[in-house]
Amino acid sequence: MESEGKQITDQFGRVHNYLRISLTERCNLRCFYCMPEEGIALRPRSVFMNKKEIIDVAKTFVSLGVTKIRLTGGEPLVRIDAKEIIQALSELPVELAITTNGVLVDNFIDTFKSIGLKSINVSLDSLQKEKLNRITRREYFDKIMSNINLLIQNKFHVKLNAVLLRGVNDCELFDFIEFTKKKNVHFRFIEFMPFNGNKWDWQKGVSFKEVMDRIDLQYGSSVLRLEDRKNDTAKNFMIKNYCGTFAVISSVSNPFCDTCNRIRLTADGKIKNCLFSNSETDILSALREGKDIQHLILETINNKKSFRGGMDTFKQLADSAHRNKNRTMVAIGG
Ligand code: SAM
Ligand code: SF4
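Residue numbers (the numbering used here): 1 to 334.
Have a look at this one:
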């Protein structure tokens, strides 16, 4: 399966070669910034892509030039056929990556090793047991930490994601950085983003600038700026002589739309051409009706707005989230 030189390009010339597939809307955690307290309504299995549909759709994207696929969710590893899907997608000519909350990693470590997975993203919003359990509304701190250590021991490149929330975990900023002193992990501090049901208010978030001001004050000239990879959404740093690195993802205060190469596919088979976009294209129904989905994919990406789903101001972002115009994060696939 090769792309034969095809590319998915939008009207601004951005080439889209990175597909994020949500395997499920379900999750074994209830992180309060992601999942509404009441959870989300469960829907019949038939509305979601089955294993074959996921693989067929992925192959179509690869034939159009996609070179990287990330599996996300909800929690991708709660899906009963996750291992088979991971195995099948690993046979495509793409870089395969996974974002997980870490709870089930030990069940999957052999699969990850056998397919040669290199890098894995794990959410970790606190290094304190009580606090992490409060944020996730579940009691898995010990399991998550032991699984992160398991990944490190097995030489995976581990990226740890923390959504920084004022008055919740921002006081742990230096603890997160000190975690990189002896451990070869990459800690990523993510700005709090607005989604349906997460009661977003930018006052609750911590901006890239504030994070870096605090870090510079603490570490001074020991803060080293690292080179960012092309299309990287993160600005990368390390503290001199520490084993690991860290980054800030400024999706809200300084979005990286100019170089965006991402396409999102929800678990129910809709394409979102931007995380913040209010519109979706149903490719699963088209696939089930035997229609050609290639032109739908190309048209959807071509129509992508230049910047943050067409929303220029924080007010527009907040309105969109509060009026339920977008999905919850758990139903998009982060
Ligand atoms: N369950 C997996 C996990 O937690 O890593 C994958 C799905 S989760 C939706 C993917 C990422 O989105 C996580 O790193 C999570 O922290 C991030 N995320 C969720 N809601 C967010 C929000 N409101 N703002 C910023 N990041 C968010
Ligand atoms: Fe689940 Fe991940 Fe959302 Fe937390 S961030 S509720 S683990 S999908």
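Even for Gly, the Cβ is constructed at its ideal location relative to N, Cα and C.
Contact between G197 and P44 does not hold, since the beta-carbon distance rounds to 21 Å and is not under 8 Å.
Per the Cβ contact rule, the region 255-272 is not in contact with the region 194-211 (fewer than 3 Cβ pairs under 8 Å). When the Cα atoms are used, S222 and G269 turn out to be separated by approximately 46 Å. Here the alpha carbons of S279 and G290 stand approximately 23 Å from one another. The beta carbons of N161 and N121 sit about 6 Å from each other, so the pair counts as a contact at 8 Å. Annotation for V105: the continuous alpha helix (DSSP H) segment containing it runs 105-115. DSSP lists L224 as the beta-bridge partner residues of M238.
When rounded, the separation of the alpha-carbon atoms in N107 and F12 is 43 Å. For Y219, the enclosing alpha helix (DSSP H) has its first and last residue at 208-219. For the alpha helix (DSSP H) assignment, the uninterrupted runs of no fewer than 4 residues enclosed by the region 7-69 are, from N- to C-terminal side, 51-63. With distances taken between CA atoms, I115 lies nearest to I98 out of I98, G74, E130. Inside the region 95-180, DSSP marks whole beta strand (DSSP E) runs of 3 or more residues at positions 95-100, 119-123, 157-163, from first to last along the chain.
Distance from N101 to L29 at the Cβ level is roughly 5 Å; contact confirmed, criterion being Cβ atoms closer than 8 Å. Here K83 carries a helix assignment [DSSP, helix/strand/coil]. For L298, the enclosing alpha helix (DSSP H) begins and ends at 294-302. Scanning its chain for C-beta atoms nearer than 6 Å, with the 5 sequence neighbours on each side dropped, one finds around S250 the residues E191, F208, in chain order. In the structure shown, R229 adopts coil according to DSSP, grouped into three states. Per DSSP, the continuous alpha helix (DSSP H) segment holding R288 begins and ends at 283-288. If you look at A331, you'll find it in the alpha helix (DSSP H) that goes 329-332. Excluding its 5 nearest sequence neighbours in each direction, N184 has C-beta neighbours in its own chain below 6 Å: C243, G244, listed in chain order. Relative to the non-hydrogen atoms of ligand 2, the Cβ of N121 never comes closer than 6 Å to any of them. With respect to the 7 Å criterion, T72 and S119 are not classified as neighbours on the basis of their beta carbons. Between E139 and G74, the gap from beta carbon to beta carbon reaches 7 Å or more. By the criterion of a C-beta distance shorter than 7 Å, R225 is surrounded in its chain by F237, once the five residues flanking it on both sides are discounted. By the criterion of a C-beta distance shorter than 8 Å, D228 is surrounded in its chain by A234, K235, N236, once the five residues flanking it on both sides are discounted. For the options G205, V158, K83, V57, the alpha carbon positioned closest to that of V168 is the one of G205.
Within 10 angstroms of the beta-carbon of C171 lie fewer than 16 other beta-carbons, which makes it exposed. Taking 7 Å as the cut-off, the Cβ atoms of Q128 and F174 do not count as close. Taking all protein chains in view, the Cβ of G309 is crowded by 16 or more other Cβ atoms within 10 Å, so the residue is classified as buried. For F156, same chain residues with a beta-carbon under 6 Å away, outside a window of 5 residues either side, are I120 in chain order. The residues V163, L165, F192, N198, in chain order, have a CB closer than 7 Å to that of Y33 in the same chain once the five nearest residues on each side in sequence are set aside.
Sequence-distant partners of Q7 (beyond 5 residues in either direction) whose C-beta falls short of 7 Å from its own C-beta, in its chain, are V15, G65. A straight-line Cα-Cα distance of about 27 Å links E84 and F141.
Beyond the five residues adjoining it in sequence on each side, I293 comes within less than 8 Å, by CB distance, of V57, T60, I283, A286, L287 in the same chain, given in chain order. Apart from sequence neighbours up to five positions away, the residues of its chain that approach I152 with a beta-carbon distance below 8 Å are V158, K183, N184, V185, ordered along the chain.
Approximately 6 Å separates the beta-carbon atoms of L89 and L96; this is inside 8 Å, confirming the contact.
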